[in-house]
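**Student:** Got a structure for you, written out below as structure tokens; questions coming shortly.
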Amino acid sequence: IGFFHRELGHLGRRLGAVWYHALPIRRRVVHGALERHFPAWRADRVSRVAAAVFANCASNVTTLLWATAEGRAPGDVLARVRFEGLGGWEAVRDRGAVAAVTHTGNWDLAAVAASLRGIRLAAVSRNLAYAPMDRTWSERRRRSGLEILDESAGLGSIMDAAGPGRAIAVVTDQRTGPGEGGILVPFMGEPAWTSTLPAVVALRRRLPLLTVMSRTEEDGTLVVRIGPPALPPDGGPVLERIREITISLGQTLEAWIEAWPESWLWLHRRWDPPGAARSRPG
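Mapping of the sequence shown onto the working numbering: position 149 corresponds to residue 199, and the numbering continues sequentially without gaps.
Here it is in structure tokens:
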């Protein structure tokens, strides 16, 4: 299993190298963001980390296809994943929690492994643009017992799913405009449109928040770190509390990116181009 998994990693890295050279627009997005946020880096380091981002993204695909293959033994998958901070989840399991997840490491494999480990996990997911791929991807994740909540179904269905014994996984670092409930908050030193969904669900259901981030080690092991549970603040205007939580989640992610910059999905356009007009939040 270990040999086969390493071969999958090699395949992913080779595929990532192809993507890196074949997608110049996305490559410029990654290079530009790294240069702006790490101005002291030399050009060779920017290129090295950018290439690693593409390799990590491609390896995520090949590894998840392996992990979610029909008939795959759960032990095979769990042998490649190490959880840190599971005690935080155990402490709030009976109450339930909002898992604020990020595009770090292999986020899909982390969710699949958590489900295989016995954590009742419902992941709020955006639909992929290509419908056949979206159906295939969702079905593969469901094989592990992961519940998929379609983000387009609305806030009510997400609220209904939240509760005792279950973690609602909500991505915190996708660009989310004002029409989708996003607000403009500082992230990595620049304003970024950011989802308020984790904060809203936690506040309305009075659930603790758990931050979840991951990174892949040299031997291919995925390390998934679960932060300590934090209850949303009491008192004060609701909108201010939503903003406070959203900023705090972003700061936690910033610290992770500073430590492991190649683990984050820099391909997303998280920030407006310099000088671009910004609409006001709704």
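Positions of the beta carbon are idealized from the N, C-alpha and C atoms, including for glycine.
The structure displayed is predicted, hence computed values, not measured ones.
Taking the beta strand (DSSP E) that Gly232 falls in, what are its first and last residues?
**Tutor:** Position 182 of the sequence shown, counted from the start, is the residue given in the question as residue 232. Run containing Gly232: Gly232 to Phe237, per the beta strand (DSSP E) assignment.
**Student:** I need the boundaries of the beta strand (DSSP E) containing Thr266, first residue and last residue.
**Tutor:** Reading the sequence shown from its first residue, position 216 is the one you call residue 266. Counting along the chain, the beta strand (DSSP E) containing Thr266 begins and ends at Leu259 to Thr266.
**Student:** For Ile276 and Gly121, I'd like the C-alpha separation in whole angstroms.
**Tutor:** As a first step, residue 276 is located in the sequence shown; it is residue number 226 there, counting from the start. As a first step, residue 121 is located in the sequence shown; it is residue number 71 there, counting from the start. Roughly 28 Å separates the two Cα atoms.
**Student:** For Asp200, which residues does DSSP report across the bridge?
**Tutor:** Within the sequence shown, the letter at position 150 stands for residue 200. The partner list for Asp200 (beta bridge, DSSP) reads Ser175.
**Student:** Sort out for me which residues DSSP pairs Phe133 with in a bridge.
**Tutor:** Locating residue 133 in the sequence shown gives position 83, where the first residue counts as 1. According to DSSP, Phe133 bridges with Val274.
**Student:** Using 9 Å as the threshold, is the C-beta distance between Ser245 and Glu230 below it?
**Tutor:** Taking the sequence shown and counting its residues from 1, the one referred to as residue 245 is at position 195. Taking the sequence shown and counting its residues from 1, the one referred to as residue 230 is at position 180. For Ser245 and Glu230, yes; Cβs fall inside 9 Å.
**Student:** Using a 10 Å radius around the Cβ and a threshold of 16 neighbouring Cβ atoms, would you call Thr118 buried or exposed?
**Tutor:** Against the sequence shown, residue 118 aligns to sequence position 68. Classification for Thr118: buried.
**Student:** In terms of residues, what are the limits of the alpha helix (DSSP H) holding Ile75?
**Tutor:** The residue labelled residue 75 in the question sits at position 25 within the sequence shown. Run containing Ile75: Pro74 to His87, per the alpha helix (DSSP H) assignment.
**Student:** Go ahead and label Arg176 buried or exposed: buried means 16 or more other beta carbons lie within 10 angstroms of its beta carbon, across all protein chains shown.
**Tutor:** Translated into positions along the sequence shown, residue 176 becomes position 126. Arg176 should be labelled exposed.
**Student:** Grouping DSSP H, G and I as helix and E and B as strand, with all else coil, what is Arg256?
**Tutor:** Taking the first residue of the sequence shown as position 1, residue 256 is located at position 206. Arg256 falls in the coil class under three-state DSSP.
**Student:** May I ask you to list the residues that DSSP assigns as paired with Pro241?
**Tutor:** Taking the first residue of the sequence shown as 1, we reach residue 241 at position 191. Pro241 pairs with Pro236.
**Student:** Exposed or buried, what is Val220 when buried is set at 16 or more other beta-carbons lying within 10 Å of its beta-carbon?
**Tutor:** Translated into the one-based positions of the sequence shown, residue 220 becomes position 170. Buried, by the Cβ-count rule.
**Student:** If you count every other CB in all the chains shown that lies within 10 Å of the CB of Arg330, and 16 or more means buried, which is it?
**Tutor:** Counted from its first residue, the sequence shown places residue 330 at position 280. Reliability of the predicted coordinates at Arg330 is poor, the pLDDT of 48 falling under 50, and the value obtained from them is presented with this limitation in mind. Result: exposed.
**Student:** Per DSSP, which residues does Ala101 bridge with? Please list them.
**Tutor:** In the sequence shown, the residue the question calls residue 101 occupies position 51. Answer is none; Ala101 lacks a bridge partner.
**Student:** Would you give the residue range spanned by the beta strand (DSSP E) that Ile218 belongs to?
**Tutor:** Taking the sequence shown and counting its residues from 1, one reaches residue 218 at position 168. It spans Ala217 to Val221 - the beta strand (DSSP E) in which Ile218 sits, taken as one unbroken run.
**Student:** Count the other CB atoms, across all protein chains shown, that sit within 10 Å of the CB of Gly66; report buried if there are 16 or more and exposed otherwise.
**Tutor:** Start at 1 with the first residue of the sequence shown, and residue 66 comes out as number 16. Per the 10 Å Cβ criterion, buried.
**Student:** Measure the Cβ-Cβ separation of Val142 and Pro279 and say whether it is below 9 Å.
**Tutor:** Reading the sequence shown from its first residue, position 92 is the one you call residue 142. Reading the sequence shown from its first residue, position 229 is the one you call residue 279. Yes, they are a contact pair.
**Student:** With distances taken Cα to Cα, identify the nearest neighbour of Glu267 among Leu257, Ala242, Glu312 and Asp223.
**Tutor:** On the sequence shown, position 217 is the one that residue 267 refers to. If we check each option's Cα against that of Glu267, Glu312 comes out closest.
**Student:** If we ignore side chains and look at the alpha-carbon of each, how far apart do Ala123 and Ser264 end up?
**Tutor:** By one-based count along the sequence shown, residue 123 stands at place 73. By one-based count along the sequence shown, residue 264 stands at place 214. Rounded to whole angstroms, Ala123 to Ser264 spans 22 Å at the Cα level.
**Student:** Please name the residue or residues paired with Ile149 in a DSSP beta bridge.
**Tutor:** The residue given as residue 149 occupies position 99 in the sequence shown. For clarity, residue 149 is Ala in the given sequence; the question names Ile instead. Ala149 pairs with Ala219 and Leu260.
**Student:** Between the stretch 281–289 and the stretch 67–76, can you find at least three pairs of beta-carbon atoms closer than 8 Å?
**Tutor:** Verdict: no, contact absent.
**Student:** Using 8 Å for Cβ pairs, my map puts Pro89 next to Asp144. What's the rounded Cβ distance?
**Tutor:** To locate residue 89, count along the sequence shown from 1; it is residue 39. To locate residue 144, count along the sequence shown from 1; it is residue 94. Not confirmed; about 47 Å, so no contact.
**Student:** Ala149 and Ala217 look like a contact to me (Cβ under 8 Å); what is the Cβ gap, rounded to whole Å?
**Tutor:** For the purposes of this step, residue 149 is taken as the residue at position 99 of the sequence shown. For the purposes of this step, residue 217 is taken as the residue at position 167 of the sequence shown. Between Ala217 and Ala149 the Cβ distance is about 5 Å, and since that is below 8 Å, they are a contact.
**Student:** Skipping 5 residues on each side, what residues in its chain have a beta carbon closer than 7 Å to that of Thr226?
**Tutor:** Counting from 1 along the sequence shown, the entry for residue 226 is found at position 176. Gly232, Trp243, Thr244 and Ser245.
**Student:** Could you give the distance in angstroms between the alpha-carbon of Arg185 and the alpha-carbon of Ile198?
**Tutor:** Here residue 185 refers to the residue found at position 135 when the sequence shown is read from its first residue. Here residue 198 refers to the residue found at position 148 when the sequence shown is read from its first residue. Those two C-alpha atoms are separated by around 11 Å.
**Student:** How would you label Ile75, buried or exposed, when you count the other beta carbons within 10 angstroms and need 16 or more for buried?
**Tutor:** Here residue 75 refers to the residue found at position 25 when the sequence shown is read from its first residue. By the neighbour-count rule (16 or more Cβ atoms within 10 Å), Ile75 is not buried but exposed.
**Student:** Helix, strand or coil for Arg225, going by three-state DSSP, please let me know.
**Tutor:** Locating residue 225 in the sequence shown gives position 175, counting from the first residue. Looking at Arg225 - three-state DSSP - the assignment turns out to be strand.
**Student:** Among the candidates Ala160, Thr152, Ile307 and Val274, whose CA atom is the shortest distance from the CA of Ser194?
**Tutor:** Start at 1 with the first residue of the sequence shown, and residue 194 comes out as number 144. Ser194 has its Cα closest to that of Ala160, out of Ala160, Thr152, Ile307 and Val274.
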